[in-house]
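Residue numbers (the numbering used here), protein chains in the order written: chain A, 1 to 363; chain B, 1001 to 1248.
Think of the CB as a built atom: it goes at the ideal place given N, C-alpha and C, for glycine as much as any other residue.
All values derive from a computational prediction rather than experimental measurement.
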Ligand SMILES: Nc1ncnc2c1ncn2[C@@H]1O[C@H](COP(=O)(O)OP(=O)(O)OP(=O)(O)O)[C@@H](O)[C@H]1O
Ligand SMILES: [Mg+2]
């Protein structure tokens, strides 16, 4: 009966493919790293494990942006702010786990605070020695910021390019704030030199494998959650808002509430992605807030295929793979390459890589 | 009939855009079950009147009441819809990237909150209702096609269908037959006539033959005010009307 009334539901082959690839990574990567000896060419190094983990975190960030941009027409150019906040939340926990193993050996204060001659922990660092609290904050911090920001912006009916501009301003302002030493987040060095998470050594291969599997599982779960949303009637309301916002309002839908909800949900996904990213990469600093990063995320989504969810994730992986390669080979061309890519995709592939694949397979 | 029994009551409404008065002390009322036609030259303020009733535009002065004691000027667009006012826009706007069926689904009366729409399912009765409306608007065969594929007249019909799904007490219909073929126009008048009685209907239209075919009471607007009122013959014979509108 459901397939009868929802033609948009049919043909989700792409989603099945995507989930199969995730399952394959979750099974194959640990085996190739743990069971295959390091001397074998089939061995997957710790570096490789971390690289895949990083790409998947970016994929999750792209998923968050696609949910609001592809389905509801909200173009956020500030999503790395939420990503970074999630990263800082887990970073605070990791800093407190260092304990006496820091350079100054202070049992409570992280090194940068000792260096700044601080005598005690700022109040907002309380609780971060507990992992569950850090988990809570990586959701609450980005979610709350998105709620307050979205509430004011959407209530005042800020839309389109104006919304994009103020989200850029938001992430820029946060970057400047986090650069300041007296904010208590380590200034321009941010957090690094992490030792362990929940007692497990962050530098061991096994911990890295577990982090990767956690990332894969979280990505699959958030993807399924997003898909459930876009396939529900609420998802069709989001489509409607993108197509004709004021018409949706005159059907009686509280358009602002829909936008606030989906914006907050998207920000939380971005925050979780950031929190998975930091322990694998081993560093978080204010550079993550840089406005250009948020623009790159939008490019990943456009390249993959806006409004497809898994396409956005694929776009993030493909573009970042290219980036890893290009910045290694010719570092100075990356910004031009990504700009050119965006122009090409906008002009010739309005539905991204996924659109291209779909038209090919239909023939 | 006392004032309380009116379905819609507008009194002394004034709307200015940069000093220009789109509505100028407009007063009119609609009875329950009545089909009221509003005509008037371009820029007379017909659409602006609907904008005020649906909460899109707030007037500088005046009052607007709906049913028993709803003060429309203090309600949001969504609250006004929930209270039972539906509108068809002058420029048809259907959701282009949703199917015809999904357009109607979103217009279904009831569920509007975020969390409820997340879990909403179409009940068999609602499915029947949608199919019934699809038949009424002649789009049964195109239910799974995207809104963007419809011809202009069909979009008008889909808009009317979306209005029917909401089952409002008061229907505001702005230029329903623009772009329709003569057969489509005829079906539209049949439909609007069948709706009156159970619903109050306000139709704005330039097509005089169409207005004549459905009109009982006609109101003529000019420069934001009512200049004549009565049945079609009376209005068409009114010298003021002839001067500003029909005569030219
Ligand atoms: N948002 C606005 N800002 C400025 N002027 C406006 C606005 N909306 C309407 N007007 C002006 O108010 C006047 C009344 O417009 P309205 O759309 O109500 O006319 P109408 O009777 O519906 O005309 P038509 O038959 O052409 O649809 C017009 O002169 C119009 O230009
Ligand atoms: Mg008009």
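Requested in this report: Could you tell me whether any non-hydrogen atom of ligand 1 is closer than 8 Å to the CB of residue 352 of chain A?
Outcome: Residue 352 of chain A sits at position 352 when you count from the first residue of the first chain. No, ligand 1 has no heavy atom inside 8 Å of this Cβ.
Query - Bounding residues of the beta strand (DSSP E) (the contiguous stretch that carries residue 1207 of chain B) - result: For the purposes of this step, residue 1207 of chain B is taken as the residue at position 207 of the second chain. Careful: residue 1207 of chain B lies outside any beta strand (DSSP E) and carries neither H nor E.
Query raised in the report: Which chain B residues are close to residue 321 of chain A, counting only those with a beta carbon under 8 Å from its beta carbon?
Result: If you number the first chain from 1, residue 321 of chain A lands on position 321. Neighbours of residue 321 of chain A in chain B, taken as residues whose beta carbon is under 8 Å from its own, are absent, since the nearest beta carbon is some 31 Å off.
Requested in this report: Please compile the residues from chain A whose C-beta is within a distance smaller than 7 Å of the C-beta of residue 1081 of chain B.
Outcome: Taking the second chain and counting its residues from 1, one reaches residue 1081 of chain B at position 81. Residues of chain A passing the Cβ test: 250, 251 and 252.
Query raised in the report: According to DSSP, is residue 16 of chain A helix, strand or coil?
Result: If you number the first chain from 1, residue 16 of chain A lands on position 16. Reduced to three states, the DSSP call for residue 16 of chain A is helix.
Query raised in the report: residue 1208 of chain B: beta carbon under 8 Å from a heavy atom of ligand 1?
Result: Taking the first residue of the second chain as 1, we reach residue 1208 of chain B at position 208. It does not: the Cβ of residue 1208 of chain B is nowhere closer than 8 Å to a heavy atom of ligand 1.
Query - Same chain, Cβ closer than 7 Å to residue 1107 of chain B, neighbours up to 5 away in sequence not counted - result: Translated into the one-based positions of the second chain, residue 1107 of chain B becomes position 107. 1162, 1165 and 1166.
**Report entry** C-beta neighbour in chain B for residue 243 of chain A, strict 9 Å
**Finding:** The residue given as residue 243 of chain A occupies position 243 in the first chain. Yes, contact with chain B.
Query raised in the report: Are the Cβ atoms of residue 1026 of chain B and residue 1040 of chain B separated by less than 9 Å?
Result: Counted from its first residue, the second chain places residue 1026 of chain B at position 26. Counted from its first residue, the second chain places residue 1040 of chain B at position 40. Cβ atoms of residue 1026 of chain B and residue 1040 of chain B: not closer than 9 Å.
Query raised in the report: Which first and last residues belong to the alpha helix (DSSP H) in which residue 266 of chain A is found?
Result: Position 266 of the first chain, counted from the start, is the residue given in the question as residue 266 of chain A. Start and end: 255 to 281.
**Report entry** Any non-hydrogen atom of ligand 1 closer than 8 Å to residue 1156 of chain B Cβ
**Finding:** The residue labelled residue 1156 of chain B in the question sits at position 156 within the second chain. Outside the cutoff, so no.
Query raised in the report: So residue 1227 of chain B is in the alpha helix (DSSP H); what residue range does that whole segment cover?
Result: Numbered from its first residue, the second chain carries residue 1227 of chain B at position 227. That residue, residue 1227 of chain B, is in no alpha helix (DSSP H); its beta strand (DSSP E) goes 1225 to 1230.
Query raised in the report: So, is residue 1135 of chain B buried or exposed, given that buried needs 16 or more other C-beta atoms within 10 angstroms?
Result: Within the second chain, residue 1135 of chain B is the residue found at index 135, counting from 1. Residue 1135 of chain B is exposed by the Cβ-count criterion.
Query raised in the report: Just the Cα atoms here: how many angstroms apart are residue 47 of chain A and residue 58 of chain A?
Result: Locating residue 47 of chain A in the first chain gives position 47, where the first residue counts as 1. Locating residue 58 of chain A in the first chain gives position 58, where the first residue counts as 1. Residue 47 of chain A and residue 58 of chain A have their alpha carbons spaced roughly 17 Å apart.
Report task. Using only alpha-carbon positions, find the residue among A/29, A/200 and A/175 that is nearest to residue 131 of chain A. Result -> What you label residue 131 of chain A is simply residue 131 of the first chain in a count that begins at 1. When only C-alpha atoms are compared, the closest one is A/200.
**Report entry** Helix, strand or coil at residue 1 of chain A [DSSP, three-state]
**Finding:** Residue 1 of chain A sits at position 1 when you count from the first residue of the first chain. Low per-residue confidence applies at residue 1 of chain A: pLDDT is 28, beneath 50, and the placement is therefore not dependable enough to give any value.
Report task. Could you tell me which residues DSSP puts in a beta bridge with residue 1087 of chain B? Result -> If you number the second chain from 1, residue 1087 of chain B lands on position 87. Answer by DSSP bridge pairing, in chain order: B/1172.
Requested in this report: Taking only heavy atoms of ligand 2 into account, decide whether any of them is closer than 8 Å to the Cβ of residue 1057 of chain B.
Outcome: For the purposes of this step, residue 1057 of chain B is taken as residue 57 along the second chain, with counting starting at 1. Remark: the C-beta of residue 1057 of chain B is outside contact range of ligand 2, defined as less than 8 Å to any heavy atom.
Query raised in the report: Quick one: what does DSSP say residue 195 of chain A is sitting in, helix, strand or coil?
Result: Here residue 195 of chain A refers to the residue found at position 195 when the first chain is read from its first residue. Of the three classes helix, strand and coil, the one that applies to residue 195 of chain A here is coil, per DSSP.
Query raised in the report: If you draw a straight line from the alpha carbon of residue 104 of chain A to that of residue 178 of chain A, how long is it in whole angstroms?
Result: In the first chain, residue 104 of chain A corresponds to position 104, counting from 1. In the first chain, residue 178 of chain A corresponds to position 178, counting from 1. Residue 104 of chain A and residue 178 of chain A: Cα-Cα distance of roughly 23 Å.
Requested in this report: From the DSSP output, read off the bridge partner residues of residue 233 of chain A.
Outcome: Within the first chain, residue 233 of chain A is the residue found at index 233, counting from 1. Looking at the DSSP output, residue 233 of chain A bridges to nothing.
Query raised in the report: Given a threshold of 16 other Cβ atoms within 10 Å of its Cβ, counted over all protein chains shown, does residue 18 of chain A qualify as buried or as exposed?
Result: Translated into positions along the first chain, residue 18 of chain A becomes position 18. By the neighbour-count rule (16 or more Cβ atoms within 10 Å), residue 18 of chain A is buried.
Requested in this report: With hydrogens ignored, establish whether the beta-carbon of residue 1046 of chain B is closer than 8 Å to any heavy atom of ligand 3.
Outcome: No copy of ligand 3 occurs in the structure displayed; its ligands are ligand 1 and ligand 2 alone.
Query raised in the report: Under a CB-based cut-off of 9 Å, is residue 146 of chain A close to chain B?
Result: Taking the first chain and counting its residues from 1, one reaches residue 146 of chain A at position 146. No, its Cβ sits nowhere closer than 9 Å to a Cβ of chain B.
**Report entry** Neighbouring residues, chain A, relative to residue 1107 of chain B (Cβ below 7 Å)
**Finding:** One-based indexing of the second chain puts residue 1107 of chain B at position 107. The answer, in chain order, is 251.
Query - Exposure of residue 101 of chain A, with buried meaning 16 or more beta-carbon neighbours within 10 Å - result: Locating residue 101 of chain A in the first chain gives position 101, where the first residue counts as 1. By the neighbour-count rule (16 or more Cβ atoms within 10 Å), residue 101 of chain A is not buried but exposed.
**Report entry** Residue burial classification, residue 280 of chain A (beta-carbon count within 10 angstroms, cutoff 16)
**Finding:** By one-based count along the first chain, residue 280 of chain A stands at place 280. Taking all protein chains shown into account, residue 280 of chain A has 16 or more neighbouring C-beta atoms within 10 Å of its C-beta and is therefore buried.
Query raised in the report: In the region 1018 to 1078 of chain B, which residue ranges form an unbroken beta strand (DSSP E) of at least 3 residues, counting only runs that do not cross its ends?
Result: You should have 1020 to 1030, 1035 to 1039 and 1061 to 1066.
Query - Inter-stretch contact (C-beta, 8 Å, three-pair minimum) for the region 1230 to 1245 of chain B and the region 1207 to 1216 of chain B - result: In this structure the region 1230 to 1245 of chain B touches the region 1207 to 1216 of chain B; the number of beta carbon pairs closer than 8 Å is three or more.
Query raised in the report: According to DSSP, what are the bridge partners of residue 224 of chain A?
Result: Start at 1 with the first residue of the first chain, and residue 224 of chain A comes out as number 224. Answer is none; residue 224 of chain A lacks a bridge partner.
Requested in this report: Compute every distance between the C-beta of residue 1159 of chain B and the non-hydrogen atoms of ligand 2, then say whether any falls below 8 Å.
Outcome: Start at 1 with the first residue of the second chain, and residue 1159 of chain B comes out as number 159. No - ligand 2 has no heavy atom lying nearer than 8 Å to the Cβ of residue 1159 of chain B.
Query raised in the report: So residue 1220 of chain B is in the beta strand (DSSP E); what residue range does that whole segment cover?
Result: The residue you call residue 1220 of chain B lines up with position 220 of the second chain. Note, residue 1220 of chain B: beta strand (DSSP E), 1217 to 1222.
Query raised in the report: Counting only beta-carbon atoms, is residue 1114 of chain B nearer than 9 Å to chain A?
Result: Here residue 1114 of chain B is taken as the residue at index 114 of the second chain, counted from 1. Judged by the 9 Å Cβ criterion, residue 1114 of chain B is in contact with chain A.
Query raised in the report: For residue 1202 of chain B, which three-state DSSP category applies?
Result: To locate residue 1202 of chain B, count along the second chain from 1; it is residue 202. In the structure shown, residue 1202 of chain B sits in a strand (DSSP, three-state: E or B).
Query raised in the report: Would you say residue 68 of chain A and residue 289 of chain A are within 9 Å of each other, going by their C-beta atoms?
Result: Along the first chain, one-based indexing puts residue 68 of chain A at 68. Along the first chain, one-based indexing puts residue 289 of chain A at 289. Their beta carbons are not under 9 Å apart, which means residue 68 of chain A does not touch residue 289 of chain A by this criterion.
Query - residue 3 of chain A versus residue 1007 of chain B: straight-line alpha-carbon distance, rounded - result: For the purposes of this step, residue 3 of chain A is taken as residue 3 along the first chain, with counting starting at 1. For the purposes of this step, residue 1007 of chain B is taken as residue 7 along the second chain, with counting starting at 1. Residue confidence is low: residue 3 of chain A scores 29 on pLDDT, short of 50, so the model does not pin down where it sits. Its coordinate-derived value is still stated next. Roughly 41 Å separates the two Cα atoms.
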